[in-house]
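Counting in my numbering, the sequence shown runs from 1 upward without gaps.
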Amino acid sequence: MDKPPSKGIVKTWHPEDGWGSIKVDGLAEECFAHSSCIAQSGNEFHGLVPGDHVMVTWHYAQQDNFSAIADLIEPYSPVRVFDTSFDYKTDTPAKTRPDPDKDSQRLRLDHELLWTKELRPGVSFAPSVSSARRNEYLIFTDVSEARHCYGSDTITSSYTTWVKPKALVNAIAGLDDDQRSRYLNPPYTIGSAMIWPLRKKDQPTMNTARGLRLSVADRMDLTLECIRRHYTGEPGSPLADVTNAYEDFFALFHGFKEFVDFFHFQDLMTPDYAEVLFYLPFDNFKRSGTPATTEEYVKYRERALEFIAARNRRMVEWVMEYHPEIEVRHSD
């Protein structure tokens with residue numbers, strides 16, 4: 001059954017094979033596409049990369065397990081929007097356990113936008129969407145031509161799905177209905193997103209270690225304290241093995257202040273960058289990082305939400321200054 005042209009976004013593209021998939025507006029499944037479908041301008045071939053916006057003329061068919069086949073693909077350039085309220089959980093393929101950090105193409109493009117910038121005069125960091133390999137999220141090629149891979153990670157946690165420690169579970173159980181609505185299963189917005197380096201030979205990664213080690217417990221304030229100690233050489237960081245393994249990533253930044261400013265973490269620091277402003281009283285990593293009482297949980301979540309809002313504002317200011325061509329949507 002033929003359909004009128006629809007807007008779509010390229011989800012995957014494999015230039016070596018000349019095929020990929022496109023998420024088409026109004027179509028539940030991803031549309032199968034082949035390079036022979038792509039419109040040409042004169043002798044110029046329009047290649048595709050994940051994230052490209054396209055107009056697709058398509059029809060339903062059953063071929064090679066795909067239920068929609070593209071007839072014609074024409075690239076177009078819509079106005080880019082940066083929206084701090086957008087929930088990346090809504091931008092994931094329909095499957096059993098969607099993961100915005102892997103599946104949301106919009107999150108990946110927002111990461112590329114925010115973290116492609118100058119570190120200092122003459123030195124830039126430019127992680128970009130990879131079209132070469134299916135399992136690569138963002139790739140940065142340094143001056144020595146070495147390729148570095150980065151993955152997305154949420155840096156604030158509501159602990160909604162955690163089943164231990166028992167004190168945390170009991171703390172969440174003590175929330176009233178209004179608190180549960182405010183704190184549990186929150187939207188995933190850009191203010192709570194971060195990228196970390198990934199290498200098969202260096203395990204665990206920052207993503208994994210900061211989530212599994214209870215002394216950090218997925219908290220960005222405690223993670224930032226570990227990173228601060230890495231730069232200053234202070235002992236006692238429960239993530240020291242990981243920050244040392246990924247020393248090349250942290251060495252991109254000339255000191256802790258440059259790291260903090262680059263990723264918009266200023267609102268977790270004192271004005272002189274000497275101390276982290278912890279969500280809860282800090283005891284030098286002696287206790288679990290998870291809240292132990294309902295009162296602690298409420299205090300933790302309020303501080304985390306304040307941080308996300310403040311980081312959103314900093315991101316908006318940066319995008320408006322350096323990318324005036326982008327439409328910014330933001331409300332406190």
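Think of the CB as a built atom: it goes at the ideal place given N, C-alpha and C, for glycine as much as any other residue. All of these numbers come straight from a predicted model, not from anything done at the bench.
Between the beta-carbon of F262 and that of Y231 there is about 13 Å, and that puts the pair past the 8 Å contact cut. Of all C-beta pairs linking the stretch 235-247 to the stretch 183-191, fewer than three are shorter than 8 Å, placing the two stretches out of contact.
Taking 7 Å as the cut-off, the Cβ atoms of V328 and M320 count as close. The alpha carbon of K299 has as its nearest neighbour, out of V24, E325, K102 and S158, the alpha carbon of S158. In the DSSP secondary-structure assignment, T12 is bridged to S21. As a beta-bridge residue in DSSP terms, R147 pairs with T141. Nearest neighbour of D101 by Cα position, chosen from I9, E136 and Y183, turns out to be E136. Cβ neighbours of R108 within its own chain (closer than 8 Å, five residues either side excluded): P50, G51, V129, Y137, L138 and S152. Per the DSSP secondary-structure output, H53 pairs in a beta bridge with I9. A direct Cα-Cα distance of roughly 12 Å separates T92 from E30.
If the five residues before and after L175 are omitted, its C-beta is found closer than 8 Å to the C-beta atoms of Y183, L184, T294, Y297 and V298, all from its own chain and listed in chain order. In terms of Cα proximity to T57, the closest of L268, P5, R180 and T205 is P5.
In the displayed model, S85 falls within coil according to three-state DSSP, outside both helix and strand.
Apart from sequence neighbours up to five positions away, the residues of its chain that approach E118 with a beta-carbon distance below 6 Å are S124, ordered along the chain. In this structure, the beta-carbon distance from P291 to A171 falls below 7 Å. Minimum Cα-Cα distance from R301 among the listed residues W19, G233 and M220 corresponds to M220.
Between the C-alpha atoms of F278 and R303 there is a straight-line separation of about 9 Å. Under the three-state reduction of DSSP, R97 is assigned to coil, being neither helix nor strand. Its chain contains S157, R210 and G211 as the residues whose beta carbon lies nearer than 7 Å to that of D218, once the 5 sequence neighbours on both sides are disregarded; these appear in chain order. Taking P186 as reference, the option from F32, F285 and S85 with the minimal CA-CA separation is S85. Of the other Cβ atoms in all chains shown, 16 or more fall within 10 Å of the Cβ of D110; this residue is therefore buried. Closest by C-alpha distance to V260, out of L224, G289, L280 and P235, is L224.
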